[in-house]
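Residue numbers (the numbering used here), protein chains in the order written: chain B, 1 to 387; chain F, 1 to 387; chain Z, 1 to 387; chain L, 1 to 387.
Positions of the beta carbon are idealized from the N, C-alpha and C atoms, including for glycine.
4 protein chains.
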Amino acid sequence: MENRFIGRNRPARMVYGFDDVSLVPGPLTLDPRDVDTSTNIGGMTLQLPILGAAMDGVIDPRMAAHMGKLGALGVLNLEGIFTRYQDPYEIIDTLIALPRDQVTQFLQKVYRAPIQDELVTLMIAQIKKNGGPAAASVTPARANTLGMSAIQAGLDLLIIQSTVTTVRFESVSSPIFDLSLFCKNSPIPVLVGNCASFGAAIELMRAGAAGILVGIGPGAACTTRAVLGIGVPQITATVDAAAARDEYLRATGRRVSIITDGGMRVGGDVAKAIAAGADAVMLGSPLAYADEAPGKGHHWGMATPDPNLPRGTLVKTGVSGTLEEILLGPSHTTDGTMNFVGALRGSMGSLGARNIREMQNAEIVISPTIWTEGKFLQKSQAVGMGR
Amino acid sequence: MENRFIGRNRPARMVYGFDDVSLVPGPLTLDPRDVDTSTNIGGMTLQLPILGAAMDGVIDPRMAAHMGKLGALGVLNLEGIFTRYQDPYEIIDTLIALPRDQVTQFLQKVYRAPIQDELVTLMIAQIKKNGGPAAASVTPARANTLGMSAIQAGLDLLIIQSTVTTVRFESVSSPIFDLSLFCKNSPIPVLVGNCASFGAAIELMRAGAAGILVGIGPGAACTTRAVLGIGVPQITATVDAAAARDEYLRATGRRVSIITDGGMRVGGDVAKAIAAGADAVMLGSPLAYADEAPGKGHHWGMATPDPNLPRGTLVKTGVSGTLEEILLGPSHTTDGTMNFVGALRGSMGSLGARNIREMQNAEIVISPTIWTEGKFLQKSQAVGMGR
Amino acid sequence: MENRFIGRNRPARMVYGFDDVSLVPGPLTLDPRDVDTSTNIGGMTLQLPILGAAMDGVIDPRMAAHMGKLGALGVLNLEGIFTRYQDPYEIIDTLIALPRDQVTQFLQKVYRAPIQDELVTLMIAQIKKNGGPAAASVTPARANTLGMSAIQAGLDLLIIQSTVTTVRFESVSSPIFDLSLFCKNSPIPVLVGNCASFGAAIELMRAGAAGILVGIGPGAACTTRAVLGIGVPQITATVDAAAARDEYLRATGRRVSIITDGGMRVGGDVAKAIAAGADAVMLGSPLAYADEAPGKGHHWGMATPDPNLPRGTLVKTGVSGTLEEILLGPSHTTDGTMNFVGALRGSMGSLGARNIREMQNAEIVISPTIWTEGKFLQKSQAVGMGR
Amino acid sequence: MENRFIGRNRPARMVYGFDDVSLVPGPLTLDPRDVDTSTNIGGMTLQLPILGAAMDGVIDPRMAAHMGKLGALGVLNLEGIFTRYQDPYEIIDTLIALPRDQVTQFLQKVYRAPIQDELVTLMIAQIKKNGGPAAASVTPARANTLGMSAIQAGLDLLIIQSTVTTVRFESVSSPIFDLSLFCKNSPIPVLVGNCASFGAAIELMRAGAAGILVGIGPGAACTTRAVLGIGVPQITATVDAAAARDEYLRATGRRVSIITDGGMRVGGDVAKAIAAGADAVMLGSPLAYADEAPGKGHHWGMATPDPNLPRGTLVKTGVSGTLEEILLGPSHTTDGTMNFVGALRGSMGSLGARNIREMQNAEIVISPTIWTEGKFLQKSQAVGMGR
């Protein structure tokens, strides 16, 4: 760890994000067609190390099933519009037609509607009927009720997720959720997040989490950094969580999955996350560009509807191609936003990494210049090239 | 302290500001409703650790009283338009209608009008009549006259404030203000500022200051950095002043309050200032957005009217909501500029800090990337989202 | 090497690019007219240490010959449009008239046409007939076929080049190219690239490469950094490759040439690359501004046509002068984009470097400010000054 | 000195510029009216530590005399239009009316006209007749001829100046200028520049220079950094030259003046240059804003007319006030571009520096954030405030 001082006797670590680092090829290269991108998440083998974020503009039952068929895993938001409304697509149509200054208040209202148990059952059934494994997310406060309902409805994998989730939570007025007990009793693997430190990650592992989501405030549709001042750039957060995984594995023999969640915009970011130690990544914005995404070229952060302290935005992405093109190509754009898996294969080939485990040891360098030479230029080029 | 060299044998410290750092959650989280945001400033307990800056576009007697009722503390500028003009609101109306290139000269003229003792008395009476504690600021040169008049008029807390204030000041032609004597004789607590170093802070404490304002040149309406080349980013300045507080406390048993003054634009900045060691913060621009602020969506730096070397600007902020919404929510924007206290509660909850003292020990990291990923993005989104 | 940590126990080097560094004059200066800019590339003496990149918008046979006559070396792309089409200029005319959003797909189609052996022979003959040495590039997969044909057609120097090229390459379905065997059998010098690490460079040298191209992802028309997450800024990459050259020279007595390839936009960047240890540089974009360049003020990355994962863009440069003006002056612009050799002479004179070898030891400093004060300003000035 | 590594075994210093640093007040403050801004340059006492750069848009004989009367020192360019043309103002009128793309070629032509000895004599006489001390600059190549003529015409101080000037210069075809001999024979003080390293500075001192100009490539009208890749940000360059001054003083008892030349845009930059060790500063752009400047709101770099490798630009500044307002105030702008000496006084007062020597020991910090919070913000505000 690299400590500096931000003032008299007050040490602080230097932390790094996607734009601060770059990957370096060594003396071995591989044919990209030969690399193995499969990974194991909570005992489930995925051919593609990619999860779709539990955001209402990104994952509906159809999208989830479609991701599953392609070898990835879409995660449905159990507290979103698909379990609150009979016709959620009408809500989306209204939302995306609104003037921008009415969006936040509209979303605050929309998410006050009650969650309907029969819709939960129906949504999970739809995913499975269409051939996908069913994965979904709940907040800790609703894990024991809504989460259990979903498990009974046939869910294959549950994610318990909030902005910051820890084993230890104190509240005077709320009932305390017992994660250890929940994991012990759950018949299906339970992933938990989000966290951004070694200590918090290892406690979640000890409580029985099958996987950890890493990422506080990095996503494009999230303003947690500005509103709460909280956030750890994803490269350092991932390295630390991976160190917790490795230490916990050495101590117990059990390997917990690390999923970097949020902040990745291009194929190179996914490669960097895995090189930092992730077993898989969770994508939000990049999937919102898919034809099949429910948001019709829009998505919004799941902290946006908070009635008291909204911390997200509606982002208009547009539509750039099919889900298959975005995940597996072929790409007809050159900015890294299509063919994420092709890009990962190309990166692994160039770095001589035969599989995800070898990719987790790729050489990373810190590059102050990448942003200047790379990102800046690209942005202007992206404008020039259109999408 | 982290020393580098800026040339042969010339050491220089690295210093840090709000955008350079971020807060990191650990393994404990709390219900935000349970955290205690109260603080003690110069012996006065505030439910909210927020002071309103002594700027004429931000604080008039009504705004000061209103802040007091909400648990914060508005500070009236004793040398501003409210003590110079019978109808200060007419001045404001004229100011905000002016073409931009006439603003500085107009302000230079406006602040040449004499301060009227009866208006001082009247203003303080108005604040107290409306239920608030009365706090006000003077420059050192007028502390013995104007400051004393205000104390006699019933002031509860006095702030002696200039761009850079030290115990030791030398002048051939001006009378020297004796801070120690003033503090000794003052029947009410005296806060002093601004300073930005350990050494200057500890001398102010030894002279009897009940609180220290930290911040030289950080505010949005201040151009001291460009004009004088002087300034210390607020995170380092706050850490150093807090170190002085702690050392002075160990030596004497007396705890002096540290108030970070200026440069905070969003809730996350307030959380960072307290995590750096502040007991409270003083806000200017963020309060100018309030319906109740006298500037009607404008404010201007108090060094702007300097006849010889103006160092401030008129900033148009617009109006975004009521003071209560800005301080306590609910927020209907997502950029961190409303519900400052809700954001602080959320941040404290996520960081496991039960009260301000625990928040002062939150983990801070240095993040070169935050600006890139966070600020930049947010700015463009803020445009998209409107306010 | 300067190691930091990007997380627990995960070290990472700091790496640097053109904009991060600057050159520092010492106590000796020379008359720029007296400095010797000649260099040796694979046994061939060049009066100017400049190669023209094997990009179809930059080098056609006429441009290659013209560069040779001026003392530089243009490299023809053996897999580009000039060996696929009887009338390549028609392709270019169509390309540059296309709407931007059709460019990538058009290029993907264009590069599917077969390479014609008789065109290869014809192109090489044209370069030699016009008086230049003939240099050309192939990818490793076609070195044994297309490369050998070109050698038989009279080629003087061959470059085997792909995004990342290593001696060790593994593939299940592709035949493996044996670089050692190829170099041993080749009657002409073989340069190989691209690489960006000490280890990869030294293995290429041991395999018999007469020169190494350094640079992964730095060029203006290349988006490898975003798409694959891979890249090393050119100053560090060049320093490391030059260290490999020096170590290999000490061990074997054979001196391999180091060519920094890509990312240079102005004369100062060329000077920095040589100061970092390069024996020569390879320019793409800067030569696309020449009247004589086939792209008519446009160029495009050679990874753009990739059918599956395009990683380049079409960049419109415009035309600013003749090739001679761009290389040797006189310049009538002030932004460093004309008279590259004059600028190198001026730089060498100011730094007291009599020849390229002495220039390789010039003092380099790391300057966070150059970008702020320099690049930014220049950009706005460039706008002001027009081209 | 702070060394890093830019690659294997290749060390490089970190260097710093104006925007990288900030000044920090300590526990003593002074009345700005009491500080002493006088300095000694080559034996000449100046009330204001400010020289006007030898640029044709900035200094003509009237401006030089006017600066002298105010206590500063304007330096005439002996190789500029005022010694080449009977009516130089006609040249300026033509220049500033030209379309931008014809500027460089026009300037290249203008500066080919011969220098006329009688105009040299006349110009110097005009400065002295109007009451100023006469200072002027020549390049080393013309020092023995043109410089000597000017001395005979009554010059008080001579500056021998080129982009990079060293005692040791080698040329096959040019006669070598012997600086030691020149300084020994000169009846008036000789200042020499520019340089940017300890070693080069100390050799110039040993050769007899009465003062050293520090600054390679920092000015707003100069593109040396881009064209040659050469430059050292001014804070480090000044610290190093000041270290040479101090070492030479200890060894010989003779104190050579250090003048930071170029790159300062606001009052704060001047304060920083002196805090870094300068005895005075040389300003170009900031003085071009003066009503009295010959450029009528324009100026251009003196390397712009280079026939082969122009390295400067024409910058349109506009006119913001009288020379007296720019130097001594009062200011009616708030961006630091007026009342430079008032700003320096304010800065010295805030830092507790009684005179220039004490100011040379002010505390400097390195602040990555200043640019973000300060410069950026200021720029947008400057737009808002107009000039």
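Item                                                                                                                                        : Value
Interface residues of chain F facing residue 194 of chain L [CB-CB closer than 7 Å]                                                         : Going along chain F, no residue has its Cβ under 7 Å from residue 194 of chain L, so there is no contact; the nearest lies around 16 Å.
Straight-line Cα distance separating residue 34 of chain F from residue 110 of chain B                                                      : 27 Å
Chain-ordered residues of the stretch 27-60 of chain L with a beta carbon less than 8 Å from chain F                                        : 27, 28, 29, 30, 31, 33, 34
Chain-order list of residues whose beta-carbon lies under 7 Å from that of residue 96 of chain Z (same chain, five-residue window excluded) : 296, 298
Classification of residue 181 of chain B by the beta-carbon crowding that lies within 10 angstroms, buried from 16 upward                   : exposed
Beta-carbon proximity list for residue 2 of chain L, same chain, < 7 Å, skipping 5 on both sides                                            : 13, 14
6 Å CB neighbourhood of residue 11 of chain Z in its chain, flanking five on each side removed                                              : 3, 5
Beta-carbon spacing of residue 38 of chain F, residue 45 of chain F below 8 Å                                                               : yes
Residues of its chain near residue 176 of chain Z, where Cβ-Cβ distance is below 8 Å and the 5 sequence neighbours each way are ignored     : 169, 170
Cutoff 8 Å: residue 267 of chain Z Cβ touching any chain L Cβ                                                                               : yes
Rounded separation between residue 212 of chain L and residue 264 of chain Z - CA only                                                      : 33 Å
Short Cβ contact (8 Å threshold) for residue 31 of chain F with residue 349 of chain F                                                      : yes
Contact under 8 Å by Cβ, residue 359 of chain F with residue 275 of chain F                                                                 : yes
Per-residue DSSP class, three states only, for residue 255 of chain L                                                                       : coil
Alpha helix (DSSP H) segment containing residue 285 of chain Z, residue limits                                                              : 285-288
Proximal chain F residues relative to residue 232 of chain B, where beta-carbon distance stays under 7 Å                                    : 22, 24, 365
Alpha-carbon spacing of residue 250 of chain L relative to residue 239 of chain L, whole angstroms                                          : 17 Å
Inter-residue spacing [alpha-carbon to alpha-carbon] between residue 316 of chain F and residue 311 of chain L                              : 40 Å
Contacting residues, own chain, Cβ-Cβ under 6 Å from residue 279 of chain Z (five flanking each side not counted)                           : 39, 257, 258
Below-8 Å beta-carbon distance, residue 88 of chain F vs any chain B residue                                                                : no
For residue 24 of chain F, the residue or residues it bridges with in DSSP                                                                  : F:363
Counted within 10 angstroms of its Cβ, other Cβ atoms place residue 272 of chain B as buried (16 or more) or exposed                        : buried
Cβ shell of residue 146 of chain F (< 6 Å), same chain only, five flanking positions each side left out                                     : 78, 138
Buried or exposed (CB count within 10 angstroms, at least 16 for buried), residue 99 of chain L                                             : exposed
Local Cβ density within 10 Å of residue 17 of chain L, reported as buried at 16 or more and exposed below that                              : buried
Contacts of residue 67 of chain F in chain B (Cβ-Cβ under 7 Å)                                                                              : Going along chain B, no residue has its Cβ under 7 Å from residue 67 of chain F, so there is no contact; the nearest lies around 20 Å.
Collapsed DSSP secondary structure at residue 137 of chain L in the structure displayed                                                     : strand
Closest Cα partner of residue 154 of chain Z within the set Z:303, Z:132, Z:57                                                              : Z:132
Chain B contact for residue 79 of chain F (CB, 8 Å cutoff)                                                                                  : no
Residue-level contact to chain B via CB, residue 217 of chain F, 8 Å cutoff                                                                 : no
In chain order, each beta strand (DSSP E) run of at least 3 residues that lies wholly inside the stretch 121-190 of chain F                 : 135-138, 157-161, 168-170
Interface flag, residue 376 of chain Z vs chain B, CB-CB below 8 Å                                                                          : With a pLDDT of 34 at residue 376 of chain Z, under the threshold of 50, the modelled position of that residue is not reliable, and the figure given next carries that caveat. No - not a single Cβ of chain B is within 8 Å of the one on residue 376 of chain Z.
Inter-residue Cα distance where the pair is residue 199 of chain B and residue 124 of chain B                                               : 34 Å
Chain F within 8 Å of residue 372 of chain L, Cβ atoms only                                                                                 : Because the pLDDT of residue 372 of chain L is 39, which lies under 50, any placement of that residue in the model is unreliable, and the question is left without a value.
Contact list for residue 322 of chain L against chain F, beta-carbon separation under 7 Å                                                   : Those do not exist, as residue 322 of chain L stays about 15 Å from chain F at its closest Cβ, beyond 7 Å.
Under 8 Å between C-beta atoms of residue 134 of chain L and residue 128 of chain L                                                         : yes
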